[in-house]
Structure formats: C-alpha cells, structure tokens
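Colleague: The numbering of the sequence shown is UniProt numbering, which starts it at 1 and goes up by one.
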Amino acid sequence: MDHPSFSDQAADALFTEVPFADERNRYLHHCATLGARPEVLRVKRNELLWIARHLGPEAAAGVGMAELLPIAQARQNVHGAATAARRVVDIGRPWLKFLGWWREPTVILSYQAQLDRYVGWMRDERGLTPSTVEQWGRIAGRFLLWCEQSSHRLKDLKAEDIDNYIATQGAGRWGRVSIAYIVSALRGFLRYAAKEAWCSDRLVSSISRPRLYRQESLPYAPDWSDVQKMLADVDTDRPRDIRDRAILMLLAVYGMRRGEVAALRLDQIDWAGRTLRLFRLKRRQAQIYPLVPSVAEALARYVDRVRPPSSCREVFLRMQAPRHPLGASSIYSVANRRFVALNFMDRLLRAVERRDRKKLTDVQAVSGCANDDDIRLQRSVLAQCLILYSRVQ
Numbered sequence: 001m002d003h004p005s006f007s008d009q010a011a012d013a014l015f016t017e018v019p020f021a022d023e024r025n026r027y028l029h030h031c032a033t034l035g036a037r038p039e040v041l042r043v044k045r046n047e048l049l050w051i052a053r054h055l056g057p058e059a060a061a062g063v064g065m066a067e068l069l070p071i072a073q074a075r076q077n078v079h080g081a082a083t084a085a086r087r088v089v090d091i092g093r094p095w096l097k098f099l100g101w102w103r104e105p106t107v108i109l110s111y112q113a114q115l116d117r118y119v120g121w122m123r124d125e126r127g128l129t130p131s132t133v134e135q136w137g138r139i140a141g142r143f144l145l146w147c148e149q150s151s152h153r154l155k156d157l158k159a160e161d162i163d164n165y166i167a168t169q170g171a172g173r174w175g176r177v178s179i180a181y182i183v184s185a186l187r188g189f190l191r192y193a194a195k196e197a198w199c200s201d202r203l204v205s206s207i208s209r210p211r212l213y214r215q216e217s218l219p220y221a222p223d224w225s226d227v228q229k230m231l232a233d234v235d236t237d238r239p240r241d242i243r244d245r246a247i248l249m250l251l252a253v254y255g256m257r258r259g260e261v262a263a264l265r266l267d268q269i270d271w272a273g274r275t276l277r278l279f280r281l282k283r284r285q286a287q288i289y290p291l292v293p294s295v296a297e298a299l300a301r302y303v304d305r306v307r308p309p310s311s312c313r314e315v316f317l318r319m320q321a322p323r324h325p326l327g328a329s330s331i332y333s334v335a336n337r338r339f340v341a342l343n344f345m346d347r348l349l350r351a352v353e354r355r356d357r358k359k360l361t362d363v364q365a366v367s368g369c370a371n372d373d374d375i376r377l378q379r380s381v382l383a384q385c386l387i388l389y390s391r392v393q
C-alpha cells in the first residue's frame with residue numbers, strides 16, 4: 001500500500017499476494033483518515049494479513065464470531081501471547097464491519113413479528129423520537145424475551161407476572177425512578193398489545209407505577225458563579241480544553257441537552273448569518289437561535305484550531321483516533337469531569353443537606369417526633385437528586 005509508514009518492500013509484496021488485498025488496503029486508508037498513528041496501522045496490517053490468509057473465498061457472504069474465533073485461537077497458538085486472540089477479534093471485527101461482511105449474532109424471538117409491528121407503530125404512527133423508539137423497543141424486547149424464556153404467553157399474562165418480572169430482573173439494579181420508567185414503557189406496549197388482541201385489555205389498568213414524590217427528582221442547578229468558574233477553568237490553549245469550553249458554552253448558554261450537543265452538525269452553524277439551528281428532540285422541530293458572540297468565538301476556535309479533518313459532519317469529535325463523533329455519554333463526561341475538579345458536587349450536597357436538615361427540624365418541632373427513618377429518607381432523596389443532576393439533562 002502507498003502509505004508512508006510502510007516501507008518494507010518484502011512486507012508490501014506479501015501484502016498484495018495474500019487474498020483480499022484491496023479490501024485490506026481500503027480499510028487501512030480509512031483508519032489513516034481517522035487519525036490512526038503509523039505504528040497502529042502497522043499492527044492492524046499484520047493482523048489483517050493473518051486473518052485474510054485464513055478466510056475462505058466465500059467470506060463476502062458473511063463472517064461471524066464462529067468463523068473468527070478459530071482464526072484468533074490459531075494466532076494465539078502460533079504467537080504464544082495471551083493477548084493475540086483478543087487482538088485478532090478486536091481488529092478483524094471492525095474490518096469486516098467496514099466491508100459489510102460481518103454477520104451479527106441474532107436472537108430471534110418467537111414474538112419478533114409483534115415487536116417489529118410495535119416499533120413500527122411507535123415510529124410511523126405515533127411519531128416518537130428515535131431515542132424513545134429505541135429505548136421503549138428495547139424494554140419491550142427484553143420483556144418478551146423473559147416471557148419466552150419463562151414460558152409465559154402474552155394472552156395468559158397476569159399482573160402478578162409483571163410484578164415477578166420487575167422483581168427478578170430489577171433486584172439490586174433498578175431504583176424507583178427506573179422502575180417507574182420501565183413500567184410506563186411496558187404499559188405502552190401492553191396497551192398496544194391489547195388493541196391488537198394479543199393480551200387482556202385489563203392488564204394495563206392492573207399495573208401501577210411506584211410513587212414518585214413531587215419535585216423529588218428535580219435536579220438542583222449550579223449558581224452562575226460556579227458555571228463561570230468552570231468556564232474559566234477551561235479557558236486555556238490546550239486542545240482538549242478548547243473543545244470542552246465550546247461544549248460547556250452550549251450547555252450553559254443555550255440549555256442544550258447532551259444528546260443535542262452530540263448531534264450538532266457543522267451545517268447547523270450559520271457563521272455569516274450569526275444563527276444556530278438546533279433540532280429540539282422534545283419539540284421534534286428545528287429552532288433558530290442567534291449565535292451569541294461568546295459561543296461563536298468558542299466554536300470557531302475549536303473548529304479552526306482543534307477539530308481534526310474528518311468526513312464526519314458532527315461538530316464534536318474524539319481527540320484521539322479513531323476520530324468518531326462524541327456520543328451523549330461523552331458530553332456528560334466532559335461536564336462531570338469539570339464539576340468534580342471544582343468540588344461542585346460536594347458543595348452542592350452540603351448546601352442541600354443544610355436546607356433539608358432545617359426543613360426536617362421544623363417538621364419535627366411541629367410534630368414533636370424525630371426518627372431515623374425520616375433522616376434516612378432525606379438522605380436517599382438527596383442522593384437521587386445528585387445522581388439525576390449529574391446526568392446533565
């Protein structure tokens with residue numbers, strides 16, 4: 001291949017003799033454009049040589065883990081290193097996915113047709129956002145898989161079966177807020193299932209959500225002085241800080257959600273017209289905002305000086321190869337890392353504890369009682385509020 005990091009003529013000759021040379025060459029060029037370093041490309045090339053030698057001529061029809069694992073094990077037997085097999089899988093699977101040859105393992109549910117119809121109904125008739133369709137479809141799919149594995153039929157389901165599902169699947173993992181969300185998603189599915197005569201129409205009304213108290217889950221916002229300290233902390237010439245400052249400005253000034261920041265594209269920024277076009281997920285439509293000078297400066301500084309060349313149209317990319325767009329969880333990490341650095345969470349928790357301790361004292365003074373359960377409840381609510389706030393929603 002004609003990459004400057006490969007100058008070994010013997011190796012280059014071998015590269016073209018082994019099958020699938022063009023496919024390997026295209027993938028390595030793709031990795032190079034995403035910012036992979038020469039030494040990383042060299043490792044990938046060596047592993048792809050091994051994989052290509054052991055793939056059959058019918059590989060284009062599909063390769064799954066059943067075919068890739070023996071190749072990986074053979075590599076480990078020859079190489080002797082415990083990590084050799086893992087490296088073959090980690091390099092071979094992305095290559096095969098790039099070519100469209102990878103065959104994902106599929107779990108075929110006996111209720112797959114019903115699940116597909118439900119997902120299509122949410123998407124096409126109700127017009128729910130893609131994230132909601134994906135989340136509710138996943139919750140319904142897991143429930144149907146449980147029904148299949150536990151030999152429960154939809155038409156015979158009872159309220160006790162739903163309770164049993166939540167008790168067995170959520171034990172030690174789901175809090176009340178999570179259970180409430182999952183129950184809402186299941187009720188939506190069961191309501192649709194009842195309309196299609198798949199289950200009893202009385203099932204939905206027999207399922208109740210756990211009680212959530214008013215404003216219990218309301219996140220506590222930081223003071224503007226704390227936001228200013230956080231922005232000042234990233235006002236440096238370090239590339240990562242330049243990127244993070246642009247992200248934090250969008251969160252602080254426009255109140256964008258983390259998913260909206262992650263999905264922001266270059267063509268949504270009108271530099272000449274000084275406007276910013278945002279697609280608000282909850283409103284399901286684009287909104288045009290004036291591009292605030294401070295935000296415009298932060299974005300321009302990132303795009304002009306830090307953002308790597310890429311075919312991706314999303315604004316914010318990873319700092320290291322592969323140069324993929326940042327996901328919503330990465331946007332959370334950017335903000336959370338800065339909060340932790342300024343000890344904001346500790347100060348927030350202490351302030352809320354002081355406020356609620358005073359409220360609890362007042363209540364106890366009026367009622368003439370004080371018990372440890374009240375204090376434990378207050379601490380539990382505080383912890384949940386803190387967790388919710390850290391999600392940057």
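Glycine included, C-beta positions come from ideal geometry on N, C-alpha and C.
Report yes or no: do the region 264-278 and the region 296-307 share at least 3 C-beta pairs separated by less than 8 Å?
Modeller: yes
Colleague: Considering only the beta carbon of each residue, do Arg-103 and Val-63 sit closer than 8 Å?
Modeller: Between Arg-103 and Val-63, the gap from beta carbon to beta carbon is short of 8 Å.
Colleague: Tell me which residues share the same chain as Trp-224 and place their Cβ nearer than 7 Å to its Cβ, disregarding the 5 neighbours each side in the sequence.
Modeller: none
Colleague: What's the C-alpha gap between Phe-339 and Leu-144?
Modeller: 40 Å
Colleague: Just to confirm before moving on: does the CB-CB distance between Trp-146 and Gln-112 stay below 8 Å?
Modeller: no
Colleague: For the beta strand (DSSP E) containing Leu-278, name the first residue and the last one.
Modeller: 275-280 is the span of the beta strand (DSSP E), which, as asked, contains Leu-278.
Colleague: Indicate the three-state DSSP secondary structure (helix, strand or coil) for Asp-201 in the structure shown.
Modeller: Asp-201: coil per DSSP, three-state reduction.
Colleague: Mind checking which residues open and close the alpha helix (DSSP H) that includes Ala-185?
Modeller: 176-195
Colleague: Are at least three pairs of beta-carbons, each pair with one atom in the region 135-142 and one in the region 179-187, less than 8 Å apart?
Modeller: For the pair of segments examined, the region 135-142 was found to touch the region 179-187: the number of CB pairs separated by less than 8 Å reaches three.
Colleague: What is the DSSP secondary structure of Ile-207, counted as helix, strand or coil?
Modeller: Of the three classes helix, strand and coil, the one that applies to Ile-207 here is coil, per DSSP.
Colleague: With a CB to CB cut of under 7 Å and the five nearest residues on each side skipped, what residues in its chain are close to Leu-96?
Modeller: Val-63 and Trp-102
Colleague: What is the residue span of the alpha helix (DSSP H) that Tyr-165 lies within?
Modeller: Residue range 159-170 is occupied by the alpha helix (DSSP H) that includes Tyr-165.
Colleague: Sort out for me which residues DSSP pairs Tyr-289 with in a bridge.
Modeller: Leu-276
Colleague: Under 8 Å Cβ to Cβ from Ala-159, same chain only, skipping five residues before and after it: list those, please.
Modeller: Leu-203, Ser-206 and Ile-207
Colleague: How would you write the range of the alpha helix (DSSP H) that Lys-44 sits in, first residue to last?
Modeller: 38-54
Colleague: For Asn-336, which option in Asp-244, Ala-74 and Pro-290 has the closest C-alpha, if you only look at C-alpha atoms?
Modeller: Asp-244
Colleague: From the DSSP output, in three-state form, read off Val-78 for me.
Modeller: In this structure, Val-78 counts as helix in the three-state DSSP scheme.
Colleague: Give the straight-line distance between the Cα atoms of Asn-371 and Arg-211, rounded to the nearest whole angstrom.
Modeller: At Asn-371 the pLDDT is 48, less than 50, meaning the model places this residue with poor confidence and gives no usable figure here.
Colleague: With the cut-off set at 8 Å, would you say Leu-109 and Glu-148 are in Cβ contact?
Modeller: yes
Colleague: Is Ile-288 buried or exposed, if buried means 16 or more other CB atoms sit within 10 Å of its CB?
Modeller: exposed
Colleague: How should Arg-257 be labelled, buried or exposed, when 16 other C-beta atoms within 10 angstroms of its C-beta is the threshold for buried?
Modeller: buried
Colleague: Quick one: grab the DSSP three-state call for Arg-265.
Modeller: Arg-265: strand per DSSP, three-state reduction.
Colleague: Mapping the DSSP letters down to three states, classify Asp-270 as helix, strand or coil.
Modeller: strand
Colleague: Helix, strand or coil, according to DSSP, for Val-314 in the structure here?
Modeller: Per the sequence shown, the amino acid found at residue 314 is Glu instead of Val. Strand, per DSSP.
Colleague: Please report the distance separating the alpha-carbon of Lys-358 from that of Val-315.
Modeller: Model confidence at Lys-358 stands at a pLDDT of 48, short of 50, so the residue's coordinates are unreliable; what they give is reported in the following sentence. Computed Cα separation, rounded: 46 Å.
Colleague: Give me, in chain order, the residues of the same chain whose beta-carbon lies closer than 8 Å to that of Trp-50; leave out the 5 immediate sequence neighbours on both sides.
Modeller: Ile-71, Arg-75 and Val-88
Colleague: With DSSP as the reference, please indicate the residues paired to Trp-102 in a beta bridge.
Modeller: Val-63
Colleague: Under three-state DSSP, which class holds Pro-325?
Modeller: strand
Colleague: When the distance is taken between beta carbons, is Ala-341 closer than 8 Å to Gly-35?
Modeller: no
Colleague: Taking just the CA atoms, how far does Arg-238 sit from Ile-247?
Modeller: A straight line joining the alpha-carbon of Ile-247 with that of Arg-238 spans about 15 Å.
Colleague: So for Arg-87, helix, strand or coil by DSSP?
Modeller: helix
Colleague: Where does Gly-92 land, buried or exposed, given buried means 16+ other C-beta within 10 angstroms?
Modeller: buried
Colleague: Among His-54, Asp-201, Leu-99 and Glu-47, which has the Cα closest to the Cα of Arg-26?
Modeller: Leu-99
Colleague: Output yes or no for whether 8 Å exceeds the beta carbon distance between Lys-229 and Trp-198.
Modeller: Result no, Cβ atoms of Lys-229 and Trp-198 do not sit closer than 8 Å.
Colleague: Residue ranges of each alpha helix (DSSP H) run of no fewer than 4 residues wholly in the region 219-244, ordered along the chain?
Modeller: 224-233
Colleague: For His-30, tell me which candidate among Ala-272, Ala-82, Arg-323 and Tyr-192 has the shortest Cα-Cα distance.
Modeller: Nearest of Ala-272, Ala-82, Arg-323 and Tyr-192 to His-30, Cα basis: Arg-323.
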